[in-house]
Amino acid sequence: MRLQTLDVLLKAENVVEIEGTGRETAAAPRRILKSRMKNVSTLTTVCRTCNIDYGDIMEEMLRFTQQTVADDHPLSSDASELGLLPVEQFTQLEIPVADFQETEVFHIHRARSTGTMAFRSGGPRNDWVWIQPGGEDSYGDLQGLGVAQLLALFKIRNVFREAAGVQHLALLRVLDPINSGRFHLASGHIQVGTRRSRGQIRIHDIGTVIGQAHVIPMGEGQWIVNHRIDLRTFNEIY
Amino acid sequence: MTGAGRGIEAGARRFRGPGGPVTNTTDHAEHTTLHGIGGKPCPKCEVPCKDLGGNLREVYEVRDYAIYQEKARQLESGKAGSTREYFRQVGVKIGRNVFTGLHGVNPSDLHKPDLLHNIYLGVFKHMMQSVEGFLKKHRQQQAFHDAWKEIPPYLGFSVPKKANREVTQWQGKEMRNLSRCILVVLASALRNPDSSQHHEFQIALKCVSALVDFSLMAQYRSHTPDTLSYLERYLLTFHQTTDIFLEFRTSKATRVEANLQDRELREQIANERAHEIRRTSAAKRRRQADQERVQRVNQRGDLKRLENHFNFIQMHYLSHFSYHVQRLGSISMYSTEIGKPAHKDQIKEGYRRSNKNEAASQIL
């Protein structure tokens, strides 16, 4: 991180302010899932609300389980057990994002995912988000950041283990950068497109989601990433 | 988010700090009144009006209002005969402005770069008119409109409710929103150029991109030499590429002049034809009509190239941004964007809550 003011860097206290709420906390605020959907109890109902094939979601859940570290209360690797685990689905993820050139002020990005349901008397709303699945070397000029669309947000509780843990997960449609994530020469923007191979749909912990993204459609299956939407994104991607 | 950022090393020199004296003025018109200068000149430097839109490498002399005061005194006593001519050349209306004689005040320092009036309601407004002309010329208005409708919501960004062409008057906030999304919308609209359009589209995107990047960089709350070099580079790129929009900068006077010349040319051609032998073939008449059309278009184009320019004051103000940051700190500190809502909160709200009888004392 660069361009922090010296006053901020030298500040000893660790008090942070959440913009627009008047709240102050002793540490960086956490991501919060909000607005629980009714009548969702298992993965089968999650599939129904977001219109995704049960086989695809189960395959991805198994892949996610295998990758989860043992200390993080991994879920069962048995598909039939996974299908029975209690699930709560949400439509909103609050992501705290530090203000540009300030460390003690956080903005809350409210990323929404209503699946196939309408949002405020309009159409369904499934927001675009930035994810950071790997290191900074991947995705070219995006420097390790990936663009994905939220398809569902849910908590799943592992009731078959003694030390039952709750996983906060996001079902995402991950896009791949076009032209190896390099900038367009004239306008300096990056394009992303749908994955041609299988594996478009991914499940990640909500900790991987680092903020809301702003993308604009550019033809069939392609989007332009608007990294000039705010100063923070403009400063990071260049 | 992580990432190295724009190459700022730890310990690099930062430009941030309290500024000098500030006037609570907003747009250029108010500055010209206060500084006693004409309508077009810069209150900070003696740039000629014809160079306002370019020549970034030229350094113009900073206005010394003490000299103006001295000259004005000579003029009043009837000693200097050429003073009027001197004032006309440097664009000064009256030698003594309201700041004359104030201790420790240099009037040329009082003008501050303003994001709202210089960039959003200044350069961006002009740029949008040019972009609309460009889209119209290349028949990409519908594509632009389609991409405009697809803009998704974002924190602190109001999704436009109206189509771009339906907006008759842009407010500062709308312009700020526009600056954040114009480039991607334009890039989406210009995504399928044919071979003749490819180069023009690239230059147009580069120009808009440089302006957007400049405006974003100008909003940084603290700067380093690296960010200032970015700022200057974006401005240079912007100036190098603005010629692509020059043909859409036709003023009303130029249009009238072009119409006049066109009418004269048509009359001249008609006279020439009248003396020719009447019996010409239809093919020849068609060829002559085509030639006439080309001649008229070329004449109009030549005049526009000669007369069109970007010599307006907001364009010139951009060249002072970098120097201003080095001397007085970040630009956002002086933006009237903050002052305008404050006026609403502090004055208008206060007045509404007063009993409207001697409201000033109740507001304060």
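First to last, the protein sequences are chains A and B.
Those letters in the first sequence? Residues 2 to 239, per our numbering, in order.
Those letters in the second sequence? Residues 534 to 897, per our numbering, in order.
Using N, Cα and C, we set each Cβ at its ideal position, and we do this for glycine too.
Note that this is a predicted model, so its numbers are computed, not measured.
My understanding is that residue i touches residue j, with C-beta atoms under 8 Å, so please give their C-beta distance in whole angstroms.
{"i": "residue 89 of chain A", "j": "residue 156 of chain A", "result": "5 Å"}
{"i": "residue 211 of chain A", "j": "residue 132 of chain A", "result": "7 Å"}
{"i": "residue 675 of chain B", "j": "residue 723 of chain B", "result": "Actually they are not in contact, since the Cβ atoms of residue 675 of chain B and residue 723 of chain B sit about 12 Å apart, beyond 8 Å."}
{"i": "residue 586 of chain B", "j": "residue 848 of chain B", "result": "5 Å"}
{"i": "residue 589 of chain B", "j": "residue 656 of chain B", "result": "Actually they do not touch by this definition, with Cβ atoms about 14 Å apart."}
{"i": "residue 220 of chain A", "j": "residue 181 of chain A", "result": "Residue 220 of chain A to residue 181 of chain A, Cβ: 19 Å. No contact."}
{"i": "residue 791 of chain B", "j": "residue 836 of chain B", "result": "5 Å"}
Taking buried to mean at least 16 other C-beta atoms within 10 Å of its own C-beta, is residue i buried or exposed?
{"i": "residue 823 of chain B", "result": "exposed"}
{"i": "residue 680 of chain B", "result": "buried"}
{"i": "residue 124 of chain A", "result": "exposed"}
{"i": "residue 890 of chain B", "result": "exposed"}
{"i": "residue 541 of chain B", "result": "The predicted model places residue 541 of chain B with a pLDDT of 46, which falls under 50 and marks its position as unreliable, so this point remains unresolved."}
{"i": "residue 1 of chain A", "result": "Because chain A is modelled from 2 through 239, residue 1 of chain A falls outside the range shown and cannot be assessed."}
{"i": "residue 662 of chain B", "result": "exposed"}
{"i": "residue 162 of chain A", "result": "exposed"}
{"i": "residue 189 of chain A", "result": "buried"}
{"i": "residue 238 of chain A", "result": "buried"}
{"i": "residue 535 of chain B", "result": "Residue placement at residue 535 of chain B is poorly supported in this model, since its pLDDT is 36, which falls under 50; the coordinates are not used for a value here."}
{"i": "residue 751 of chain B", "result": "buried"}
{"i": "residue 61 of chain A", "result": "buried"}
{"i": "residue 102 of chain A", "result": "buried"}
{"i": "residue 761 of chain B", "result": "buried"}
How is residue i classed by DSSP in three states: helix, strand or coil?
{"i": "residue 111 of chain A", "result": "strand"}
{"i": "residue 637 of chain B", "result": "coil"}
{"i": "residue 874 of chain B", "result": "helix"}
{"i": "residue 695 of chain B", "result": "coil"}
{"i": "residue 30 of chain A", "result": "coil"}
{"i": "residue 561 of chain B", "result": "helix"}
{"i": "residue 140 of chain A", "result": "coil"}
{"i": "residue 682 of chain B", "result": "helix"}
{"i": "residue 702 of chain B", "result": "coil"}
{"i": "residue 853 of chain B", "result": "helix"}
{"i": "residue 578 of chain B", "result": "strand"}
{"i": "residue 227 of chain A", "result": "coil"}
{"i": "residue 39 of chain A", "result": "coil"}
{"i": "residue 219 of chain A", "result": "coil"}
{"i": "residue 161 of chain A", "result": "coil"}
{"i": "residue 187 of chain A", "result": "coil"}
Could you tell me the alpha carbon to alpha carbon distance between residue i and residue j, rounded to whole angstroms?
{"i": "residue 719 of chain B", "j": "residue 738 of chain B", "result": "7 Å"}
{"i": "residue 224 of chain A", "j": "residue 633 of chain B", "result": "57 Å"}
{"i": "residue 175 of chain A", "j": "residue 118 of chain A", "result": "21 Å"}
{"i": "residue 37 of chain A", "j": "residue 91 of chain A", "result": "4 Å"}
{"i": "residue 894 of chain B", "j": "residue 875 of chain B", "result": "18 Å"}
{"i": "residue 144 of chain A", "j": "residue 179 of chain A", "result": "14 Å"}
{"i": "residue 850 of chain B", "j": "residue 204 of chain A", "result": "50 Å"}
{"i": "residue 828 of chain B", "j": "residue 775 of chain B", "result": "26 Å"}
{"i": "residue 600 of chain B", "j": "residue 616 of chain B", "result": "11 Å"}
{"i": "residue 115 of chain A", "j": "residue 168 of chain A", "result": "20 Å"}
{"i": "residue 765 of chain B", "j": "residue 113 of chain A", "result": "39 Å"}
{"i": "residue 130 of chain A", "j": "residue 95 of chain A", "result": "12 Å"}
{"i": "residue 550 of chain B", "j": "residue 642 of chain B", "result": "The pLDDT assigned to residue 550 of chain B is 49, lower than 50, so where the model puts this residue is not dependable, and the model offers no usable value."}
{"i": "residue 705 of chain B", "j": "residue 653 of chain B", "result": "6 Å"}
{"i": "residue 771 of chain B", "j": "residue 207 of chain A", "result": "41 Å"}
{"i": "residue 639 of chain B", "j": "residue 577 of chain B", "result": "10 Å"}
For residue i, which of the options has the nearest alpha-carbon?
{"i": "residue 230 of chain A", "options": "B:774, B:691, B:631", "result": "B:691"}
{"i": "residue 580 of chain B", "options": "B:560, B:637, B:625, B:685", "result": "B:625"}
{"i": "residue 86 of chain A", "options": "A:106, A:166, A:140", "result": "A:166"}
{"i": "residue 687 of chain B", "options": "A:135, A:197, A:217", "result": "A:217"}
{"i": "residue 651 of chain B", "options": "B:708, B:568, B:760", "result": "B:708"}
{"i": "residue 592 of chain B", "options": "B:694, B:856, B:868", "result": "B:856"}
Considering only heavy atoms of the ligand ATP, does any lie closer than 7 Å to the CB of residue i?
{"i": "residue 56 of chain A", "result": "For the structure depicted, the ligand ATP is absent and the ligand set is empty, with no information on it obtainable."}
Using 8 Å as the limit for Cβ to Cβ distance, is residue i near chain D?
{"i": "residue 220 of chain A", "result": "Within the model displayed, chain D is absent; protein chains A and B are what it includes."}
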